[in-house]
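Chains as they are written, first to last, in our numbering: chain A, 79 to 518; chain B, 79 to 518.
Glycine residues also receive a C-beta, built at the ideal position from the N, C-alpha and C atoms.
Step one of this worksheet: look at the structure below.
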């Protein structure tokens with residue numbers, strides 16, 4: 079035998095034990111179900127892309143993080159998000175798709191960044207996007223957070239708030255105070271307000287050559303607080319005449335009204351004028367989502383509207399709006415905060431246990447009956463002592479053990495042991511199926 | 079604007095349009111559901127592994143096909159199957175898992191081989207494996223094909239046959255005729271019988287130094303035909319005294335009996351003594367699955383028993399048995415053979431259409447009612463003519479359009495248009511939900 083290799087995975091990667099994988103999959107399935115209910119179509123783009131195509135737009139940090147390699151003559155790379163592949167896909171299949179094109183994709187993406195707590199190099203993103211041709215109704219800006227509201231409601235994790243803003247409000251405001259050229263810089267700095275605090279933001283803005291007077295105005299804007307309607311009122315009352323600013327306020331106003339019409343409760347969303355989203359390509363509505371009691375998680379679901387998704391691949395202007403749940407990261411944070419409790423180590427509802435190999439025939443037939451009734455069923459095939467067999471069931475947390483001894487076999491019956499209540503009932507296999515299926 | 083990059087994916091990769099993705103996901107979900115019903119636990123290992131760990135065992139062809147790259151100090155590789163990651167995982171988490179450990183994994187694997195028709199460089203494998211510590215009951219050998227029987231039954235694709243054999247039958251037989259040292263070579267050649275025919279196999283065996291007398295005996299073995307019981311009888315009657323051979327025949331006999339007890343119909347399985355499976359590590363039962371009317375597809379689901387899964391990572395002997403559906407390849411073959419017909423381009427059941435923007439409020443409220451009833455619902459938000467709106471519904475094949483005009487809005491009603499029957503009913507939103515949910 080050759081020398082043993084230590085079994086391990088690279089650092090910065092998440093891999094789960096089965097009991098956690100069950101919880102993870104439940105969350106994944108819930109998100110998918112809600113996405114489908116809102117009319118999004120499934121997509122599963124390739125994990126590996128041509129570097130030339132994938133990196134058409136990228137640069138800077140993104141490009142450094144990418145897993146890139148050659149194979150034969152091909153310069154390849156792993157996708158680092160699901161948005162660039164979507165842009166490539168809709169450009170490639172423009173003629174075959176129906177627009178507005180609504181798709182979801184829930185897949186792993188890869189970023190070889192320096193691993194930090196809660197950051198992974200391979201992680202699931204759960205994205206929805208809607209892509210229009212030439213134009214895309216503002217109503218979609220209201221639908222996105224409503225989808226996310228239902229996702230988080232059904233995930234049933236913790237209280238949450240979807241925050242929204244509009245880049246035109248900020249952009250127009252900066253234009254109005256003569257800082258148009260600095261908009262991107264200033265937005266990037268403001269975006270850090272929650273993380274680094276007002277003092278540090280002020281320092282960075284001064285460094286960037288912003289006058290104290292303008293910094294004051296900026297803080298007056300981002301300090302506007304109150305109910306959603308109060309915020310909208312205050313924005314309108316600022317007396318800023320810039321057209322972009324007015325358009326942004328009007329859009330924000332309409333989005334809020336439409337969200338209400340779509341049934342979004344007031345307690346689950348708020349306008350937050352400090353949200354800019356670091357990414358350059360957002361041009362209108364932007365979103366973040368926080369768990370109220372866990373601000374340290376940061377935003378667990380973010381997105382926004384972009385004027386032209388496919389500029390690098392197609393001449394058709396395709397505006398879009400998208401939002402993304404960082405599932406791997408959120409799962410890891412929730413687990414660490416003790417918010418995820420594995421209630422089971424298995425999906426199995428019934429373990430069929432023959433007392434000895436003489437009852438194997440009856441055991442196999444009973445398993446078939448239970449499975450036919452759609453009950454996830456396992457059979458203990460190993461020839462071990464009774465103690466061992468019961469230990470297998472209790473270690474996995476299987477709720478029902480279906481015992482078959484000599485007596486039961488003779489009577490054509492089975493003994494159903496309820497592992498939580500420690501009761502035992504002797505019934506036929508069919509009755510056992512009904513009994514187990516009845517209690518979930 | 080910079081020069082456009084042509085949107086495309088590398089050759090040898092599969093990517094689907096939404097209508098096909100819906101079909102693909104349905105198959106994926108069916109396989110997963112059956113796997114779970116048989117008590118397999120979900121696993122999702124990392125896509126990227128450390129090369130040193132992943133390639134502990136590999137060599138030759140596999141190593142050439144691998145996507146391998148460095149990032150920082152790390153020598154990394156993409157998994158090329160789900161079995162090696164499983165071996166690594168069970169060795170790594172031995173103390174935390176309950177054995178026998180039953181897991182399923184349905185994930186993409188990556189092989190940079192020369193692309194051929196029906197072969198992909200990135201494809202889904204849908205694996206189940208059961209891993210024991212030190213020992214693993216022979217009953218699992220019967221359970222595996224029964225799981226696969228239920229999968230293919232529920233996929234409802236075409237008639238299929240699961241073929242099985244036992245490596246000990248072949249191995250013992252070769253030992254019996256003095257060809258023990260050549261077993262692997264001869265098995266590899268025999269494995270090609272169906273593909274290249276008897277004449278070419280004979281030539282290869284002669285080339286390999288096998289005597290004509292032994293070739294004759296080999297063909298006598300692999301020509302044994304008949305019902306499963308007849309084949310077993312003939313094997314027992316061959317008069318071969320080798321112990322391994324006898325063990326193999328006895329195992330095959332027991333597996334067949336147990337498969338019957340587990341409810342496997344005779345028409346869906348057959349002993350096939352020509353099946354050897356190319357891989358060196360199978361040591362007992364081996365499986366292949368064919369679609370009866372599409373032999374050119376080759377095996378769509380294969381696997382077998384191996385004596386020691388984890389030899390490279392752990393001193394504990396862990397025998398296992400596994401089987402795998404090559405979903406991407408099978409999907410592509412089925413599609414090409416015209417066996418997959420997209421019955422829908424969308425999962426959406428209802429499209430809410432306001433006649434003008436005046437009815438947007440009612441449209442949004444109606445959509446909420448339908449979604450609350452779990453009906454996948456879309457709203458046509460774009461301000462277009464009626465013709466455009468109906469075209470969107472018909473191009474996607476949405477079965478119900480829920481129209482809201484001035485009159486309907488006034489009455490607090492909606493007009494439900496059944497797109498297949500071209501009928502129209504004016505009802506409340508709640509009644510519309512009941513109507514649409516009632517007909518699937």
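Of the residues B:140, B:233, B:385 and B:362, the one placed nearest residue 211 of chain B, counting alpha carbons only: Ranking the options by Cα distance to residue 211 of chain B, first place goes to B:385.
Extract the residue ranges of the alpha helix (DSSP H) inside the stretch 401-472 of chain A, only unbroken runs of 4 or more that lie entirely within it. Counting only runs of 4 or more, we get 405-414 and 438-450.
Starting from the C-beta of residue 112 of chain A, find all residues in its chain whose C-beta is less than 8 Å away, skip the five residues before and the five after it, and write them out in chain order. Take residue 112 of chain A, set aside five residues on each side of it, and the residues of its chain with a beta-carbon closer than 8 Å to its own are 225, 228, 229 and 232, in chain order.
Would you mind reading off the limits of the alpha helix (DSSP H) that contains residue 391 of chain B? That residue, residue 391 of chain B, is in no alpha helix (DSSP H); it is neither H nor E in DSSP.
Residue 134 of chain B burial status per 10 Å Cβ neighbour count (16 or more: buried): Counting Cβ neighbours within 10 Å, residue 134 of chain B comes out buried, since at least 16 surround it.
Ranges of the alpha helix (DSSP H) found wholly within the stretch 335-376 of chain B, counting only runs of at least 4: None, since the stretch 335-376 of chain B contains no complete alpha helix (DSSP H) of that length.
Can you pull out the residues from the stretch 157-176 of chain B whose beta carbon lies closer than 7 Å to at least one beta carbon of chain D? Structure shown: chain D not included; protein chains present are A and B.
Does the stretch 389-402 of chain A come close enough to the stretch 242-256 of chain A that 3 or more CB-CB pairs lie under 8 Å? The stretch 242-256 of chain A makes no contact with the stretch 389-402 of chain A; the number of CB pairs closer than 8 Å stays below 3.
Which residue's Cα is closest to the Cα of residue 254 of chain A: A:322, A:420 and A:492? Looking at the Cα atoms, A:322 is the closest of the given residues.
What are the start and end residues of each continuous alpha helix (DSSP H) run of 4 or more residues lying completely inside the stretch 144-189 of chain A, in chain order? Annotation note: the stretch 144-189 of chain A contains the following uninterrupted alpha helix (DSSP H) runs of length 4 or greater, listed N- to C-terminal: 161-170.
Report the option in B:491, B:105 and B:433 whose CA atom is closest to the CA atom of residue 55 of chain B. This structure does not reach residue 55 of chain B, given that chain B is present from 79 up to 518, and the question cannot be answered.
Interface residues of the stretch 118-148 of chain A facing chain B [CB-CB below 7 Å]: For the stretch 118-148 of chain A, residues whose beta-carbon sits nearer than 7 Å to a beta-carbon of chain B comprise 119, 120, 121, 122, 123, 124, 125, 126, 127, 128, 130, 131, 134, 145 and 147.
Strictly below 7 Å CB to CB, what residues from chain B border residue 274 of chain A? Correct list: empty, because the minimum Cβ distance to chain B is about 28 Å.
For chain A, is any of its Cβ atoms less than 9 Å away from the one on residue 79 of chain B? The predicted model places residue 79 of chain B with a pLDDT of 48, which falls under 50 and marks its position as unreliable; any figure quoted below should be read in that light. Closer than 9 Å to the CB of residue 79 of chain B there is at least one CB belonging to chain A.
When DSSP builds the beta bridges, which residues end up paired with residue 380 of chain B? Per DSSP, the beta-bridge partners of residue 380 of chain B are B:402.
So for residue 203 of chain B, helix, strand or coil by DSSP? In the displayed model, residue 203 of chain B falls within a strand according to three-state DSSP.
Work out the CA separation of residue 313 of chain A and residue 333 of chain A for me, nearest whole Å. Rounded to whole angstroms, the gap between the alpha carbons of residue 333 of chain A and residue 313 of chain A is 15 Å.
Using CA coordinates, which residue listed in B:349, B:270, B:258 and B:416 is at the minimum distance from residue 241 of chain B? When each option's Cα is compared against that of residue 241 of chain B, the closest is B:349.
Measuring alpha carbon to alpha carbon, tell me which of A:413, A:289, A:159 and A:167 ends up nearest residue 84 of chain B. Selection A:413, A:289, A:159 and A:167 evaluated against residue 84 of chain B yields A:167 as nearest (Cα-Cα).
Starting from residue 296 of chain B, follow its DSSP beta bridges and name the residues at the other end. Residue 296 of chain B pairs with nothing; no bridge assigned.
Per DSSP, which residues does residue 495 of chain B bridge with? Please list them. Per DSSP, B:479 and B:502.
Which of the three DSSP states is assigned to residue 127 of chain B in this structure? Three-state DSSP puts residue 127 of chain B in a strand.
Contact residues within the stretch 87-105 of chain A, judged by C-beta distance below 9 Å to chain B: Answer set for the stretch 87-105 of chain A: 87, 88, 89, 91, 92, 93, 94, 95, 96, 97, 99, 100, 102 and 103.
Chain-ordered neighbours of residue 178 of chain A on chain B, where CB pairs are closer than 7 Å: Near residue 178 of chain A (Cβ distances below 7 Å), the residues of chain B are 460.
By the DSSP assignment, the alpha helix (DSSP H) with residue 261 of chain A in it spans what residues? From DSSP, the alpha helix (DSSP H) with residue 261 of chain A extends over 261-268.
Spatial distance of residue 79 of chain B from residue 172 of chain B (CA atoms): Any answer about residue 79 of chain B is weak, because its pLDDT of 48 lies below 50 and its placement is not dependable; what the coordinates show is given next. Using only the alpha carbons, I get a separation of about 56 Å.
Looking only at its own chain, which residues have a Cβ that is under 8 Å from the Cβ of residue 370 of chain A, when we skip the five neighbours before and after it? Cβ neighbours of residue 370 of chain A beyond the five flanking positions: 236, 237, 238 and 239.
Taking C-beta to C-beta, are residue 163 of chain A and residue 96 of chain B nearer than 9 Å? Using a Cβ distance threshold of 9 Å, residue 163 of chain A and residue 96 of chain B do not count as a contacting pair.
Applying the 10 Å Cβ sphere with the 16-neighbour rule, what's the burial state of residue 392 of chain A? For residue 392 of chain A, the number of other beta carbons within 10 angstroms of its own is at least 16, and it is reported as buried.
What would DSSP say about residue 238 of chain A, mapped onto helix, strand or coil? In the displayed model, residue 238 of chain A falls within a strand according to three-state DSSP.
Determine whether the beta carbon atoms of residue 336 of chain A and residue 438 of chain B lie at a separation below 9 Å. Pairing residue 336 of chain A with residue 438 of chain B gives a Cβ-Cβ distance under 9 Å.
Which same chain residues, not among the five before or five after residue 294 of chain B, have their C-beta less than 6 Å away from its C-beta? Closer than 6 Å at Cβ, skipping near neighbours: no residue.
So, do the stretch 438-452 of chain A and the stretch 468-484 of chain A have three or more beta carbon pairs nearer to each other than 8 Å? With three or more CB-CB distances shorter than 8 Å, the stretch 438-452 of chain A counts as touching the stretch 468-484 of chain A.
Have a look at the DSSP bridge pairing and note the partners of residue 119 of chain A. DSSP lists A:181 as the bridge partner or partners of residue 119 of chain A.
Does the Cβ of residue 374 of chain B have 16 or more other Cβ atoms within 10 Å, making it buried, or fewer, making it exposed? Exposed.
Within the 9 Å Cβ cut-off, does residue 455 of chain B reach chain A? It does; some Cβ of chain A falls within 9 Å.
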